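Here the structure comes first, spelled out in structure tokens, and everything after it is commentary.
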Amino acid sequence: MSEFMIDRGHDGPARVGTFKAGESVVDTPALIGPMDASRLPLRYSTQGRDETPTYSPVIFSWPFTIEKDIQLPRPIDMLLLPSMIAGDFLGSEAAGRLLDYQIEALERTGEEITPSQMILRIPSSLDSVASEEDFRKLSQSGVRAAAFRFDGSLGPSDYNSLILRGSTPRNWLTLAIGRISPWMVPILYYVGFDVLDVGHAFEAAASGTRLWRMDSESVGESKQLRFCSCPACASLSGLKTESDDQLTGILSKHNLTVYEMLLSESIQAMNAGRLRWLVESMTHASPPMGGLLRRIDGELYAHLEEFTPTIGSKFIPLIGPESYNSPAVRRFRERVTARYTPPEHKRIVLLLPCSARKPYSDSKSHKQFSEALDASLGGLRFSVAETILTSPLGLVPRELERIHPAAQYDIPVTGDWDAEETDIAAKALVAHLRKFEDSAIVVAHVSGGYLDVVQSAEKEIDQSIIYTTPDHPVTSKDSLAALGDTLHDMKEILNIEGRKQTELRDTLRATSDYQFGQGSGAILIPAEAKLRGKLYHTVTCKVDGEQVCAFVSEAGTLSLTLDGGRRLAPLNHSWIKFEGHEIKGGSIFAVGVSEADTGIRPGDEVIILDPDGKVAAVGRSEMSGREMCELAKGRAVTLRHKRESGE
Amino acid sequence: MCSYLLDGSHEAVPGDKILQQFRHAIERASSEKGPLSIKVYTSGSFLDEDEVPTDTRNQILDLISEDERVSEVVLESRPQYVTEDSMGIIYDLLDGRHVEIGVGLESSSDAIRTLCINKGFETEDFAEAVTTAKAHKIGIRAYVLLKPPFLTERDALLDSVRTIEDAAKMGVTTISVNPVNVQKHTLVERLWTRGLYRPPWLWTLVEVLSQARAQVDSSVNIVCDPVAAGKKRGVHNCRRCDESITMAVRNFSLNQKTGVFDALDCDCRHLWSHTLEHEDFALLVHSIKR
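Taken in sequence, the protein lines are chains A and B. For the first sequence, the positions run 1 to 647 when our numbering is used. For the second sequence, the positions run 1001 to 1290 when our numbering is used.
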């Protein structure tokens, strides 16, 4: 019997966990290597062909040429089911048969080896849609692990293996085996692999090659060896005098170290919410690496996005085109488009450039814009829908400037926009302005690349657009004066009245819509709600004297009270059904979740319902909604408030 | 991997043409002195009357029997044509000559012979042929195919060793090991060009010959004359050591002494031994472009 448990921690599908087989416990992610790589936690071997070590678990491959008499030497070992080398050449139909063949083999082994000790080999030519049904059936029969093969070329076969990983049940242990270069480690970990094969460390060593983080070095050909401080390479000084056996030994130790360093770097990056950044940075190892990430961002978006937290990481560097469609970025754009609704009293849309400092309001330029608004409009400034244009988020309504990732992202500032960035922002702008009345006026206080965005969107914009100062820097004295004059004129033309301060309400409602869906803001923060506090700190919202939610500046999100949860519950959003009436302790574990909104992401504010559909608690989710249903273990929700017993 | 289908004639070749071809070959050897060995390699079954009409076959056997110089005869056939009848005739016509029928056993595993080779007979059929031939004092020369496609390097190594042992137990007189080479316009070529097939390593061949020689009775000769050895389409290592190892294999075939392999060594042995272990686990063809 073996068991794989996923611990908390998400940054994309990557996870840390523990794999238990018999009495052995292996922390994942883990590296697997040949029998003589004694420093690794997992080793590979072949049934009846190699010697068994005295300790540490072994994954035994089962050659298809051995038809019966398969036995696992020890309870801590695992069996890799039989398949055919190069079988993928025969196409997806044959791939299905190769899978069936394994299922037959699995049944043939009888009771001595349980399905939980078997690892399925997923043919890379398998059809990913058809396979989901197979996976589901195998899950029912007790299979909990699958191995995916990579040839290291990052071509169609490797790509398909990644896609197939996306449709694998979340509670399975997944292995990436084959020719895996060090620079593939972060991306494989990112898409959710738990065990990585480092056989290539030995293949490279046997070919006289030293592997590095982003490339490799042929030691035989190199006249000047690259400096390395690892203990193995310390003995490489007298290289020319080393025998071949010694050299291979030194190189394999060095190569293994490189894998260990990259895996450790990846785990740390995940814990810090920087794994995506690491994956993006590794795309520079080679053009195929860059191509691979762009393709999976498209094809595997749903898989990657589901596990990308909605809060967390303190800083999000978005450096190049590989960031434009990263899940956190694309999700933000899509949510703003789908969920943000401008309040009715917004009559002017003011387009502003972004600032390096976040939130934008804290920047010098935005303070100047704010002064211009105050000077020209005074209390009427809340009729202005401030909209910040930026890459690659597209645009950020002022109300959402403190939400993840708008408050954290950082981009290289050059003033130059590439065609894709311009296109992304123009599309977002067109969608945004469709939400306003045609009679609203768009005031574009932008220049340079921002101006290009507005101009390229212009023919699809129905409102009138006024450019304040297209040819000058937006923060020059004259430009700011032009902004003030334009706004002043608009006040007259639009005949704007009413001096109510709506900033707090607008922000909290927009935040609610972003978190809990369009229209939720008006329900959670009704007209009679009393709002107190500062946006840069905390704003509390009370209805009939009871607090329903609080806006926390640091996260840019609303945290709910039980009352708030009750108000939102009828919307069928962010709900979790809990099995039982009384919640003990400060968490809900996956085992206690019977059903959950599949839209829940790690980091989301969630509402916990008891079996009668009554709100039992509110809290912050630690997993995706589907995950908390599928996983048998692990913390699903960290509770914020729970119902007192008897309530 | 087999290109015989493509090599063959599209039309049926009449018996007299076959006879004519045989006479031509014998004439070319007219100046040779005995004892001679005649190998009639038809790239098919010499004993199949659809390929070689019975009359023609008997005429050829007659011609051989008339030639006093000939002491050894090797014919080729699939096992189903090794029958009481055909063996009886051969024994009658070639009495006194040492006769062997070369039969492509390829592998003693029915799974491998069927799935990887598509051969079309069972191990049992081969064993029967050996028994039938033996009853007529005719020997069987078993062809063993080293590394058909869809096998890992170690699958291939172990399968060939086992096949040789099995064939020897069945009573064959000679074993000829044939490493696969990549022929034009074959499935193997298509696999090979996509990096999904690598011809066997010479180290694998050496290992097969050494292990088999140690296991098999010394009365059974194990021979190997590898086609395209050291070439990228044939059995090969790393280039640097290909020539010396091929030479050792040829020497072994002549003297049956595994000592010829003792001094062989090369850097590439590390890569080969990695390949043996890792291919089994990863089921990834380890081929490096050269």
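Glycine residues also receive a C-beta, built at the ideal position from the N, C-alpha and C atoms. Since the structure is predicted, the reported quantities are computational estimates derived from the model, not experimental observations.
Taking A/Gln518 as the reference, which of A/Lys642, A/Leu90, A/Glu334 and A/Val258 has the closest Cα?
The count along the first sequence starts at 1 and reaches residue 518 of chain A at position 518. Considering only alpha carbons, the answer is A/Glu334.
Boundaries (first-last residue) of the alpha helix (DSSP H) holding A/Trp277:
Counting from one through the first sequence, the residue named residue 277 of chain A turns up at place 277. Under the DSSP assignment, A/Trp277 falls in the alpha helix (DSSP H) whose first and last residues are Leu275 to Met282.
Work out the CA separation of B/Leu1158 and B/Leu1276 for me, nearest whole Å.
As a working note, residue 1276 of chain B is residue 276 in the second sequence. As a working note, residue 1158 of chain B is residue 158 in the second sequence. B/Leu1276 and B/Leu1158 have their C-alpha atoms some 11 Å from each other.
Interface residues of chain A around B/Pro1199 at Cβ under 7 Å?
Against the second sequence, residue 1199 of chain B aligns to sequence position 199. Within 7 Å Cβ-Cβ: nothing; B/Pro1199 doesn't reach chain A, min ~13 Å.
Under 8 Å by beta carbon: chain A residues contacting B/Ser1109:
Here residue 1109 of chain B is taken as the residue at index 109 of the second sequence, counted from 1. Chain A residues near B/Ser1109: Thr65.
My output table needs one value for A/Pro75: the three-state DSSP class, helix, strand or coil.
For the purposes of this step, residue 75 of chain A is taken as the residue at position 75 of the first sequence. In this structure, A/Pro75 counts as coil in the three-state DSSP scheme.
Please return the same chain residues whose Cβ sits closer than 6 Å to the Cβ of A/Pro73, not counting the five positions on each side in sequence.
Here residue 73 of chain A corresponds to residue number 73 of the first sequence, with the count starting at 1. The beta carbon of A/Pro73 sits closer than 6 Å to those of Thr52, all from its chain and outside the five residues before and after it, given in chain order.
Mind checking who A/Gln547 pairs with in its DSSP beta bridge?
The residue labelled residue 547 of chain A in the question sits at position 547 within the first sequence. Residue pairing from DSSP places A/Gln547 in a beta bridge opposite A/Lys542.
Where the region 30-45 of chain A meets chain B: residues whose CB sits under 8 Å from a CB there
Under the 8 Å Cβ criterion, the region 30-45 of chain A contributes Pro34, Met35, Tyr44 and Ser45.
Got a sec, what are the start and stop residues for the beta strand (DSSP E) A/Pro353 sits in?
As a position in the first sequence, residue 353 of chain A is number 353, starting the count at 1. Element bounds for A/Pro353: Ile348 to Pro353.
For chain B, check one thing: does any of its Cβ atoms lie closer than 8 Å to the Cβ of A/Met623?
As a first step, residue 623 of chain A is located in the first sequence; it is residue number 623 there, counting from the start. It does not: the Cβ of A/Met623 has no partner Cβ on chain B nearer than 8 Å.
Can you name the start and end residues of the beta strand (DSSP E) that A/Arg149 belongs to?
Mapped onto the first sequence, residue 149 of chain A falls at position 149. Note, A/Arg149: beta strand (DSSP E), Ala145 to Phe150.
Taking the alpha-carbon of B/Lys1232 as reference, which of B/Pro1199, B/Pro1226, B/Arg1240 and B/Thr1258 has the nearest alpha-carbon?
Walking along the second sequence from the start, residue 1232 of chain B turns up at place 232. Comparing C-alpha distances from B/Lys1232 to each of B/Pro1199, B/Pro1226, B/Arg1240 and B/Thr1258 shows the shortest one belongs to B/Pro1199.
Please classify B/Arg1290 as buried or exposed, where buried requires at least 16 neighbouring CB atoms within 10 angstroms.
The count along the second sequence starts at 1 and reaches residue 1290 of chain B at position 290. With a pLDDT of 42 at B/Arg1290, under the threshold of 50, the modelled position of this residue cannot be trusted, and the question is left open.
Proximity winner among B/Tyr1143, B/Ile1138 and B/Ala1135, relative to B/Thr1123 (alpha-carbon distances)
The count along the second sequence starts at 1 and reaches residue 1123 of chain B at position 123. The alpha carbon of B/Thr1123 has as its nearest neighbour, out of B/Tyr1143, B/Ile1138 and B/Ala1135, the alpha carbon of B/Tyr1143.
What whole-angstrom Cβ distance do A/Phe578 and A/Leu609 have, given they're in contact under 8 Å?
Counted from its first residue, the first sequence places residue 578 of chain A at position 578. Counted from its first residue, the first sequence places residue 609 of chain A at position 609. That belief holds up - the Cβ atoms of A/Phe578 and A/Leu609 are roughly 7 Å apart, short of 8 Å.
Alpha-carbon to alpha-carbon, A/Trp277 and A/Ser131:
Along the first sequence, one-based indexing puts residue 131 of chain A at 131. Along the first sequence, one-based indexing puts residue 277 of chain A at 277. Taken atom to atom, the span from the alpha-carbon of A/Ser131 to that of A/Trp277 is near 31 Å.
For the beta strand (DSSP E) holding A/Phe4, just list the boundary residues, first then last.
As a position in the first sequence, residue 4 of chain A is number 4, starting the count at 1. In this chain, the beta strand (DSSP E) harbouring A/Phe4 covers Ser2 to Ile6.
Is B/Ser1043 closer than 8 Å to B/Tyr1004 when the C-beta atoms are compared?
Your numbering for residue 1004 of chain B matches position 4 in the second sequence. Your numbering for residue 1043 of chain B matches position 43 in the second sequence. Cβ atoms of B/Tyr1004 and B/Ser1043: closer than 8 Å.
I'd like the list of long-range same chain contacts for A/Gln661, defined as Cβ closer than 8 Å, with 5 residues on each side in sequence excluded.
Shown here, chain A extends from 1 to 647; a query on residue 661 of chain A therefore has no answer.
Taking 8 Å as the threshold (beta carbon to beta carbon), is A/Met84 in contact with chain B?
Locating residue 84 of chain A in the first sequence gives position 84, counting from the first residue. Yes, because at least one Cβ of chain B sits closer than 8 Å to the Cβ of A/Met84.
Please work out which residues of its chain come closer than 6 Å, Cβ to Cβ, to A/Met282, disregarding the five sequence neighbours upstream and downstream, and give them in chain order.
As a working mapping, residue 282 of chain A is identified with position 282 in the first sequence. Excluding residues within five positions, the ones whose Cβ falls inside 6 Å are Trp183 and Pro186.
What residues in the region 132-157 of chain A have a beta carbon less than 9 Å from any beta carbon of chain B?
Cβ contacts with chain B: Ala147, Arg149, Phe150, Asp151, Gly152 and Ser153.
Short CB-CB distance (under 8 Å) between A/Gly96 and chain B:
Residue 96 of chain A sits at position 96 when you count from the first residue of the first sequence. No, its Cβ sits nowhere closer than 8 Å to a Cβ of chain B.
Collapsed DSSP secondary structure at A/Ala527 in the structure displayed:
Numbered from its first residue, the first sequence carries residue 527 of chain A at position 527. Looking at A/Ala527 - three-state DSSP - the assignment turns out to be coil, as it is neither helix nor strand.
Let me confirm a value: A/Phe516 is counted as buried when at least 16 other C-beta atoms fall within 10 Å, else exposed. Which label applies?
In the first sequence, counting from the first residue as 1, residue 516 of chain A sits at position 516. With 16 or more Cβ atoms within 10 Å of its Cβ, A/Phe516 is classed as buried.
Which residues bound the beta strand (DSSP E) around A/Met184?
Mapped onto the first sequence, residue 184 of chain A falls at position 184. Looking at the DSSP string, A/Met184 is not in any beta strand (DSSP E), and its letter there is neither H nor E.
Using a Cβ-Cβ distance cut-off of 8 Å, determine whether A/Glu579 contacts chain B.
Locating residue 579 of chain A in the first sequence gives position 579, counting from the first residue. Answer no: the Cβ-Cβ gap between A/Glu579 and chain B never drops below 8 Å.
Anyone know if the C-beta pair for B/Ala1282 and A/Ile177 falls short of 8 Å?
The residue you call residue 1282 of chain B lines up with position 282 of the second sequence. The residue you call residue 177 of chain A lines up with position 177 of the first sequence. Yes, Cβ-Cβ distance for B/Ala1282 and A/Ile177 is below 8 Å.
Under 6 Å Cβ to Cβ from A/Glu630, same chain only, skipping five residues before and after it: list those, please.
Translated into the one-based positions of the first sequence, residue 630 of chain A becomes position 630. Arg170 and Asn171.
Buried versus exposed, by CB contacts within 10 Å (16 or more), B/Pro1148:
Residue mapping note: residue 1148 of chain B aligns to position 148 of the second sequence, counting from 1. Looking at its Cβ environment, which holds 16 or more other Cβ atoms inside 10 Å, B/Pro1148 is buried.
Contact between the region 160-168 of chain A and the region 296-305 of chain A (3+ Cβ pairs under 8 Å)
The region 296-305 of chain A and the region 160-168 of chain A touch, with three or more beta-carbon pairs separated by less than 8 Å.
Mind checking whether A/Val618 and A/Leu562 have CB atoms under 8 Å apart?
As a position in the first sequence, residue 618 of chain A is number 618, starting the count at 1. As a position in the first sequence, residue 562 of chain A is number 562, starting the count at 1. The answer is yes: Cβ separation under 8 Å.
Under 7 Å by beta carbon: chain A residues contacting B/His1010:
Taking the first residue of the second sequence as 1, we reach residue 1010 of chain B at position 10. Neighbourhood of B/His1010 in chain A, by CB distance below 7 Å: empty, with the nearest CB roughly 29 Å away.
How about A/Lys633 and A/Ala596: do their beta carbons lie closer than 8 Å?
Taking the first residue of the first sequence as position 1, residue 633 of chain A is located at position 633. Taking the first residue of the first sequence as position 1, residue 596 of chain A is located at position 596. Their beta carbons are not under 8 Å apart, which means A/Lys633 does not touch A/Ala596 by this criterion.
Give the interface partners of A/Thr248 over in chain B, defined as CB-CB distance under 7 Å, in chain order.
Translated into the one-based positions of the first sequence, residue 248 of chain A becomes position 248. Ordered by position in chain B, the residues that pass the 7 Å Cβ test against A/Thr248 are His1270.
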